[in-house]
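In the working numbering, the protein residues as written are 4 to 213. C-beta: ideal position from N, C-alpha, C; glycine also.
Take a look at the structure:
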């Protein structure tokens, strides 16, 4: 069983970080023992899973006042751990988490504001690497509309950052919103979530298993 700690981090809220976290964890849980850590004070991840009560979703450990302790606890219990980081780096919580994980995925929406936020998150990754030099990182272009000129421009702009962008993109799909409404992952939506699930599987293949 793979031992891996994965963080989803972004300086900016509303980038789809929590949605990616829960769907990545659900995808990995099909073949691995996976735990979720909700380090975001908003607690969206915990509410999502608690409201559903679906056993197919990984167990969530709330970060509370000590997300690092929650991460350590989850790592002892599970082979793979997915951490939903706070949507701000101001208090240093995300930075300390990045010093303890193996991989960080940084979701970025196709907008100039998100590009700037992505650049700030990249700086936090570089600082974390002083203590955690083995930390791997990928930018994930999220909620993309492929025909949009802005999405194409964002792909080019992200290439200027120090962290590589995953070749796969996550499109803006109703399935992700539907899964949130139903309190499940896209893998549990059957045909309605098939294309969205394929995109999550590509992230797993390209970022987590290399």
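- In terms of Cβ geometry, residue 26 and residue 203 form a close pair [threshold 8 Å].
- Straight across, the Cα-Cα distance linking residue 209 with residue 91 is about 26 Å.
- Taking the Cα positions, residue 143 is about 10 Å away from residue 11.
- Counting the other Cβ atoms within 10 Å of the Cβ of residue 41 gives 16 or more, which makes it buried.
- Counting every other CB atom within 10 Å of its CB across the protein chains shown gives residue 146 a total of 16 or more, marking it as buried.
- Scanning 113, 83 and 118 for the CA closest to the CA of residue 106 turns up 83.
- With the rule of 3 Cβ pairs closer than 8 Å, the segment 27 to 36 does not count as touching the segment 115 to 134.
- Cβ-Cβ separation between residue 138 and residue 87: approximately 17 Å, too far for a contact (criterion under 8 Å).
- Between residue 46 and residue 77, the C-beta spacing is not below 8 Å.
- For residue 6, there is no enclosing beta strand (DSSP E), as DSSP marks it with neither H nor E.
- Residue nearest to residue 6 within the set 18, 205, 37 and 160 is 37 (criterion: CA-CA distance).
- Put simply, the backbone Cα of residue 22 is about 18 Å away from that of residue 114.
- Per DSSP, reduced to three states, the secondary structure at residue 33 is coil, with no helix or strand assignment.
- DSSP places residue 175 in no alpha helix (DSSP H); its state is neither H nor E.
- Spatial neighbours of residue 161 in its own chain (CB-CB distance under 8 Å, excluding positions within 5 residues in sequence) are listed in chain order as 111, 118, 121, 142, 144 and 168.
- Residue range 106 to 111 is occupied by the beta strand (DSSP E) that includes residue 109.
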